[in-house]
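One line per chain: the protein sequences are A and B, in this order. Number 215 in numbering that gives the first Met the number 0 belongs to position 216 of the first sequence; there are no gaps in the numbering. Number 30 in numbering that gives the first Met the number 0 belongs to position 31 of the second sequence; there are no gaps in the numbering.
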Amino acid sequence: MSAQAEVSRHAIRGARWRWSEAAFWLVVLACAFAFPSRYLIMADIARLALFALSLDLILGYAGIVSLGHAAFFGVGAYSAGLMALHGIITEPVAALIAAGLVAMALGFLTSFLVIRGADLTRLMVTLGIALLLEALAERFSDITGGTDGLQGIEMQPILKLFAFDIFGKVGLFYSLAVLFLLFLLARRIVHSPFGLSLRAIKNNPLRAAAIGIPVNRRLIAIYTLSAFYAGIAGALFTQTTALASLDVFSFERSADLMLVLVIGGAGYLYGGLIGAVVFRMLQEVFSTITPQYWQFWIGLVLVVIVLVGRPRMHRWALWAPNLIIKQIAGRKAVVAVPESDA
Amino acid sequence: MTSALTNLFDGVAYGMLLFVLACGLAVTLGLMNFVNLAHGAFAMTGGYVCAVLVNQAAWPFFLGLPLAFVASAAIGAVLERLLYRHLYARSHLDQVLFSVGLVFMSVAAVDYIMGSSRIFIKLPAALEGQIDFFGVGIGRYRLMIIVICGLLTAVLQLILARTRFGSRLRAAVDDPRAASGLGINVPQVFAFTFAFGCGLAGLGGALSAEILGLDPYFPLKFMIYFLIVVTVGGSSSMTGPFLASLLLGIADVAGKYYVPKMGPFVIYTLMIVILLWRPNGLFGRTAAR
């Protein structure tokens, strides 16, 4: 048995569906049916989860730290809004894909800027791109509506069948469906040889290059894909809320997104999804304590997480579930502890 | 012609101010390789301390300035000892998350204590108005900024290049292990430098209330400017960030005056172009650290 066969057997086993994953999605679906009064917030969580998934692809799997991921979210949001407003593509699913493609094109173009330089330069360039787009959106306010945002967006029924309703039911199921489909795609990608090579790059770019992985091309590819995901998340935001304003580009959005991913854990796909749920709940709790100043507590959470250390944090979080699994099934680990990152 | 000179003068004053605000970051980020996005929070602290002292306790403005320095430096020293020092060896991502957390906390805290509106510091009458210098209008306040910041820059450069502390700092940054082997107390040097940088930021914050505006969102609004100064300026010496600040100040003032509609567009584009052309900054060393 060659080493190559051994590796591929290992990789295939890692990619197998586990019953806990199926349970996760069943719980998600059950929640969607169980809380009819919470459609709006659940749709919001689904969008955030998709956005976090997009950041996870570059941060967790490829090790690219981005401070301006809101750029793609914003481009997706405005593209979807403008398409609906001017009747260019009225069918939501087609518009969603088109908006994702616009963001993807931008991601492809900017990826060349991002792969140059080390961490710090990347931070600056990603941040700069997001700020630049925000400035542009403000400058061309005749197109984007400036600080008021795009107004009067009316969405057509999805696939000409399901009209958006005022309670957000259709919006929620639409968002969940998109999230699930894109999650499947992401899952397939990160377990493919391509995804494995990304992890190799993340762990050590020099070594990855030495064993023949085209580092820059892989990074460009994943960055472009991640921009597509973020664009879709943005477009979903516009379609389900019928608004798009300048704050889609804001730095806070990018920073919050990092928090989401850090809470959930970077480097495994469920991290973004769990993080999105926890983040929104935290936000709810904090804004009931101090309505205007919830940001303080969010900041505190960030500081504490970093000081405690993320790997340790995740070990604590997984301690109880692991104990239960151990008692019942006699084996370890519900979900793998995310790798420590770059 | 004269308006161009006035603009140039304003730009230089603005640039000098940015340098004082950001030079602490040039050391922590450029030399110690710590991504401290919360640098603006220290500047804001200094600004608010000065504003409270001058406006509410009726201290003279020139006494408020050193106090702004002292307050920010003290807070910087405490935070460095308590929190920052644990993170020097951590990944950039951790440092970013931590300092973003601090920014959020400082923004909300100042908003809670001082309110969200912009505040002004009462200036002494001697600093108001303009002087006419061969037909070029020169703001007195801006002239003072240039004088103060120019002196500070010269002193900083002297400290770094000529004093024992300066050589210790450079040694500690170049190779912490070798430096501590030679008997240099590296953590102490770092702590002192960090606190001093925060103090300078506080002083800059107090000076900038008049020009940049002071409100709880200061750290977020100007974060990118500080980062530009450091990344574009590179980290090999104080000269790089200084020239970068001047360039940024002049470009920003000129951009706002001549192409007001493009707004901050000019600056961001310039930054991205420079970073692409020279990823280690205009005046940086070639080897990536």
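The beta carbon of each residue, even a glycine, is placed where N, CA and C say it ideally should be.
Item	Value
May I have the straight-line CA-CA distance separating isoleucine 96 (chain A) from glycine 196 (chain B), to the nearest angstrom?	48 Å
With respect to the beta strand (DSSP E) encompassing valine 135 (chain B), which residues constitute its N-terminal and C-terminal limits?	135-138
Is DSSP giving alanine 344 (chain A) helix, strand or coil here?	Since the first residue shown for chain A is 0 and the last is 341, residue 344 (chain A) is missing from the structure and cannot be characterised.
Return the chain-ordered list of same chain residues with a C-beta closer than 6 Å to the C-beta of alanine 70 (chain A), the five sequence neighbours on each side being excluded.	Ile128, Ala129 and Leu132
Which two residues bound the contiguous alpha helix (DSSP H) that contains glutamine 94 (chain B)?	91-113
So is threonine 146 (chain A) buried or exposed if we call it buried at 16+ other beta carbons inside 10 Å?	exposed
Taking the straight line between their C-alpha atoms, what separation do you get for leucine 108 (chain A) and leucine 86 (chain B)?	34 Å
With three or more C-beta pairs closer than 8 Å as the rule, is the region 12-32 of chain B touching the region 236-249 of chain B?	yes
Aspartate 131 (chain B) by DSSP, collapsed to three states: which one?	strand
Identify, in the order they occur along the chain, each residue of the same chain with its Cβ nearer than 8 Å to the Cβ of glycine 151 (chain A), setting aside the five sequence neighbours on each side.	Leu84
So which residues on chain A does tyrosine 87 (chain B) lean against when the C-beta distance must stay under 7 Å?	Within 7 Å Cβ-Cβ: nothing; tyrosine 87 (chain B) doesn't reach chain A, min ~13 Å.
Take valine 99 (chain B) and list the residues in its own chain whose beta-carbon comes closer than 6 Å to its own, dropping the five residues that flank it on each side.	Leu36
Kindly indicate which three-state DSSP category leucine 149 (chain A) falls into: helix, strand or coil?	strand
Taking 8 Å as the cut-off, decide whether the C-beta atoms of alanine 67 (chain B) and glycine 45 (chain B) are in contact.	yes
Report the residues of the region 105-128 of chain A with a CB closer than 8 Å to any CB of chain B, ordered along the chain.	Leu112, Arg115, Gly116, Ala117, Asp118, Leu119, Thr120, Leu122, Met123, Val124, Leu126, Gly127 and Ile128
Residues in the same chain with beta-carbon distance under 8 Å from glycine 149 (chain B), minus the five sequence neighbours each way, listed in chain order, please.	Met15
Going by other Cβ atoms of all chains shown within 10 Å of its Cβ, with 16 needed for buried, is proline 156 (chain A) buried or exposed?	exposed
What does glutamine 282 (chain A) reach in chain B if we use C-beta pairs closer than 9 Å?	Within chain B, no residue comes near glutamine 282 (chain A); the closest Cβ sits about 12 Å away, beyond 9 Å.
Assuming phenylalanine 103 (chain B) and isoleucine 74 (chain B) are in contact, meaning their beta carbons sit under 8 Å apart, how far apart are those beta carbons, in whole angstroms?	Rounded, the Cβ-Cβ distance is 17 Å, inconsistent with contact.
Identify, in the order they occur along the chain, each residue of the same chain with its Cβ nearer than 8 Å to the Cβ of leucine 181 (chain A), setting aside the five sequence neighbours on each side.	Leu49, Leu52, Tyr228 and Ile231
Which term fits threonine 192 (chain B), buried or exposed, when burial requires 16 or more other beta carbons within 10 angstroms of its beta carbon?	buried
Quick one: measure Cβ to Cβ for glycine 280 (chain B) and glycine 233 (chain B), integer angstroms, because I've assumed they're closer than 8 Å.	3 Å
For alanine 22 (chain A), count neighbouring Cβ atoms within 10 angstroms of its own Cβ and tell me buried if that reaches 16, exposed if not.	exposed
Helix, strand or coil, according to DSSP, for isoleucine 158 (chain B) in the structure here?	helix
Which residues share a DSSP beta bridge with phenylalanine 161 (chain A)?	A:Ile157
Are the C-beta atoms of tyrosine 140 (chain B) and some chain A residue less than 8 Å apart?	no
Measure the alpha-carbon distance for leucine 52 (chain B) versus serine 166 (chain B) and round it to whole angstroms.	36 Å
With a cut-off of 8 Å, does the C-beta of valine 307 (chain A) fall near any C-beta of chain B?	no
Report the start-end ranges of each beta strand (DSSP E) in the region 156-224 of chain A that is 3 residues or longer and not cut off at the edges.	none
Can you tell which of B:Met43, B:Tyr47 and B:Ser71 has the C-alpha that lies nearest to the C-alpha of alanine 194 (chain B)?	B:Ser71
Taking a contact to mean a Cβ-Cβ separation below 8 Å, would you say alanine 93 (chain A) touches alanine 79 (chain A) in this structure?	no
For isoleucine 227 (chain B), which residues in the same chain have their Cβ closer than 8 Å to its Cβ, ignoring the five residues on either side in sequence?	Ala243, Leu247, Ile266 and Met270
Run through chain A and tell me which residues come within less than 9 Å of glycine 233 (chain B), C-beta to C-beta.	The contacting residues do not exist; glycine 233 (chain B) stays about 11 Å from chain A at best.
DSSP state of leucine 84 (chain A), grouped into three classes?	helix
If you check the beta carbons only, do alanine 42 (chain A) and glycine 170 (chain A) fall under 8 Å apart?	yes
Looking at glycine 29 (chain B) and valine 185 (chain B), is the spacing between their C-beta atoms short of 8 Å?	no
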